[in-house]
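Contents: one structure, followed by commentary.
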Amino acid sequence: MSQSARLPRATPERPQPSRANTLTDRLVKLAAAGSTGTLPLTGRSEGAIHFRDGKVAGAKSVRTPGPPPAPTRLAAVPLHGKARDGNVRAQANPVRPCLPYDLNVLEPTIDAVLDLVVSQSVCGRFKSVRGSDAGPDDGVPVDVLLAELARREHLLRQMSEAVTADTVVIRNARLRAPRVQVSALQWALIIRAARGITPRDLAFELARSVFGTTAEVYRLIALRLLSVADDSGQAREPMALSFIRAVSDEKGDNRMPTRSDAASRTGGAS
Amino acid sequence: VSPSSADALLAPVTAIDGFQLAGLIDASTGMVLASAQNQEDISLTKAAAGAADIAGVLGMLTGELATDGELEDVMVTFDKHFHLIRMVRPANLQTVILLVVLDRARANLAMARRAIRNFCASLAA
Numbered sequence: 046m047s048q049s050a051r052l053p054r055a056t057p058e059r060p061q062p063s064r065a066n067t068l069t070d071r072l073v074k075l076a077a078a079g080s081t082g083t084l085p086l087t088g089r090s091e092g093a094i095h096f097r098d099g100k101v102a103g104a105k106s107v108r109t110p111g112p113p114p115a116p117t118r119l120a121a122v123p124l125h126g127k128a129r130d131g132n133v134r135a136q137a138n139p140v141r142p143c144l145p146y147d148l149n150v151l152e153p154t155i156d157a158v159l160d161l162v163v164s165q166s167v168c169g170r171f172k173s174v175r176g177s178d179a180g181p182d183d184g185v186p187v188d189v190l191l192a193e194l195a196r197r198e199h200l201l202r203q204m205s206e207a208v209t210a211d212t213v214v215i216r217n218a219r220l221r222a223p224r225v226q227v228s229a230l231q232w233a234l235i236i237r238a239a240r241g242i243t244p245r246d247l248a249f250e251l252a253r254s255v256f257g258t259t260a261e262v263y264r265l266i267a268l269r270l271l272s273v274a275d276d277s278g279q280a281r282e283p284m285a286l287s288f289i290r291a292v293s294d295e296k297g298d299n300r301m302p303t304r305s306d307a308a309s310r311t312g313g314a315s
Numbered sequence: 012v013s014p015s016s017a018d019a020l021l022a023p024v025t026a027i028d029g030f031q032l033a034g035l036i037d038a039s040t041g042m043v044l045a046s047a048q049n050q051e052d053i054s055l056t057k058a059a060a061g062a063a064d065i066a067g068v069l070g071m072l073t074g075e076l077a078t079d080g081e082l083e084d085v086m087v088t089f090d091k092h093f094h095l096i097r098m099v100r101p102a103n104l105q106t107v108i109l110l111v112v113l114d115r116a117r118a119n120l121a122m123a124r125r126a127i128r129n130f131c132a133s134l135a136a
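Which chain is which? The protein sequence lines are Y and R, in order.
Letter by letter, the first sequence follows residues 46 to 315 in my numbering.
Letter by letter, the second sequence follows residues 12 to 136 in my numbering.
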């Protein structure tokens, strides 16, 4: 039996122009060299990617929120927001489970790298160090990371005709349905979108990933609870976001690279 | 999450009769956060993506129905497998999906559901 943290892989796609290729190629080279240190990036989005023994141990981008602080229970956040004919009611929130902290660190790391890749940031000189104090202890193998980036780029393309991370969205003043029920996260997004806000700004306000927030905003547009603020009829009606379509390009191989695969290739345990 | 953390986290689920695969999936992004697998002929990636899509569609149904209830779990029966999907709602506005795939010939669906429910409750500890 194998047990490991796994990130899905779609067929690696590298459709971005040369700078993105430069970054992903650089990541592959640093992984192959088993590097430990920090790769600074500049350009439209500045940040850094931290390596430990050839794995990505953490990443930061100025355009994405960083890792969350120590886990806290948000007792004041309502479990549901519920709108009835424009009236809003919230339920009290019971005690919620807490997942291990390192599960919460993974998403900000991948979110930051995705932003750096999409922004075509330019690699600086790699600063090799003895150790890195960023990110999860064992880090994410670069091939697993690139596979996850490819999957997310596919999903971004699905969403891009309706919304991007920098599209201003606004809460719909009138609901067509007499009743609608939303999740706690969706409610938190809706109440912040009264005057127009981008998914990226929402992500910073809620200390969540930009990618995940954009996906939730996309779903709220599909539910007609949010709409694009300056929509001149150009935006398409959102379809259901399909995760299965994002991985269906993978043919002939039903397994994905995982951390345990990476560990077995290098002959060591991760 | 390190493999050892995944081992510890998902160990109770792997003890369910007929266990083949389990994954914790971020419902917003579809990313697999942690997994355990003893049957390599099932694609974790596709099973996880399918589970996330199912949860997304049923989440929209929940929104439209507005019956003041939450989606708890989904059971999908194939002729050889059970796919059990349970919603875990941690404290930080995140929604996580637990997917467990069982060998239908060896699994007891009611007992498995009970074990999964208890496991999700234990995450609150």
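Even for Gly, the Cβ is constructed at its ideal location relative to N, Cα and C.
From a predicted model like this one, the values you see are computed outputs, not experimental measurements.
Does residue i have its Cβ less than 8 Å from a Cβ in chain Y?
i        : result
R/THR106 : yes
R/LEU110 : no
R/GLY29  : no
R/VAL85  : no
R/ASP114 : no
R/ASP37  : yes
R/VAL12  : Note that R/VAL12 scores 48 on pLDDT, short of 50, meaning its location in the model is unreliable and no value can be drawn from it.
R/ASP79  : yes
R/LEU44  : yes
R/MET71  : yes
R/THR56  : yes
R/THR40  : yes
Consider the Cβ of residue i: report whether some Cβ of chain R lies at a distance smaller than 8 Å.
i        : result
Y/LYS250 : For the record, residue 250 of chain Y in the displayed sequence is Glu; it is not Lys. Not closer than 8 Å to any Cβ of chain R, the Cβ of Y/GLU250 fails to qualify, so no.
Y/GLY257 : yes
Y/ARG170 : no
Y/ALA225 : Here residue 225 of chain Y is Val; the residue named in the question, Ala, does not match the sequence. So, interface residue.
Y/ILE266 : no
Y/VAL167 : no
Y/ARG237 : no
Y/GLU198 : no
Y/GLY91  : Looking at the sequence itself, residue 91 of chain Y is Glu, so the reference to Gly does not match. Cβ-Cβ to chain R under 8 Å: no for Y/GLU91.
Y/ILE289 : yes
Y/SER80  : no
Y/SER205 : no
Y/ARG202 : no
Y/SER164 : no
Y/LEU151 : yes
Y/ARG253 : yes
Y/SER272 : no
Y/LEU84  : no
Y/LEU190 : no
Y/ALA102 : no
Y/ALA76  : no
Y/ALA260 : yes
Y/ALA218 : no
According to DSSP, simplified to helix, strand and coil, what is residue i?
i        : result
R/PRO23  : helix
R/ASP114 : strand
Y/PRO82  : Before going on, a small fix: residue 82 of chain Y reads as Gly here, not Pro. Note: Y/GLY82 maps to strand in three-state DSSP.
Y/ARG202 : helix
Y/VAL73  : helix
R/GLY70  : helix
R/ARG106 : First, the residue type needs correcting, since residue 106 of chain R is Thr and not Arg in the sequence shown. Of the three classes helix, strand and coil, the one that applies to R/THR106 here is coil, per DSSP.
Y/ARG103 : In the sequence under discussion, the amino acid at residue 103 of chain Y is Gly, which differs from the Arg named in the question. DSSP places Y/GLY103 in strand when its eight states are reduced to three.
R/ARG124 : helix
Y/SER254 : coil
Y/ALA55  : Residue confidence is low: Y/ALA55 scores 41 on pLDDT, short of 50, so the model does not pin down where it sits. No coordinate-derived value is stated.
R/PHE130 : helix
R/ILE53  : coil
Y/ASP156 : helix
Y/THR212 : coil
Y/ASP188 : helix
Can you tell me which of the options puts its alpha carbon nearest to the alpha carbon of residue i?
i        : options                                   : result
R/GLU83  : R/ALA47, R/VAL112, R/PRO23 and R/ILE108   : R/ILE108
Y/ASP183 : Y/PRO85, Y/LEU68, Y/ALA102 and Y/ARG216   : Y/ALA102
Y/VAL73  : Y/ALA239, Y/PRO85, Y/VAL187 and Y/ASP211  : Y/VAL187
Y/PRO110 : Y/LEU251, Y/LEU201 and Y/VAL262           : Y/LEU251
Y/HIS95  : Y/THR209, Y/SER287, Y/PRO153 and Y/ILE215 : Y/PRO153
R/SER46  : R/VAL112, R/ASP90 and R/GLN105            : R/VAL112
Y/ASP211 : Y/GLY79, Y/CYS168, Y/VAL255 and Y/ALA233  : Y/VAL255
Y/THR258 : R/GLY67, R/SER39, R/PRO23 and R/ALA22     : R/SER39
Answer yes or no: do residue i and residue j have a C-beta to C-beta separation smaller than 8 Å?
i        : j        : result
Y/ASP160 : Y/SER90  : yes
R/LEU55  : R/GLY34  : yes
Y/VAL214 : Y/ILE236 : no
R/ALA63  : Y/PHE288 : yes
Y/LEU247 : Y/VAL262 : yes
Y/LEU271 : Y/ARG224 : no
R/ILE53  : R/ILE96  : no
Y/VAL208 : Y/THR87  : no
Y/VAL273 : R/GLY74  : no
Cβ of residue i versus every heavy atom of the ligand ATP: is any distance shorter than 7 Å?
i        : result
Y/GLU250 : Among the components of this structure there are no ligands whatsoever, and the ligand ATP is therefore not found.
Starting from the beta carbon of residue i, find every residue of chain B whose beta carbon is closer than 8 Å, and list them in chain order.
i        : result
Y/SER106 : Absent here is chain B; the protein component of the structure consists of chains Y and R.
*Members of the region 58-69 of chain R that neighbour chain Y once the beta carbon cut-off is set at 8 Å*: ALA59, ALA60, GLY61, ALA63, ASP64, GLY67 and VAL68
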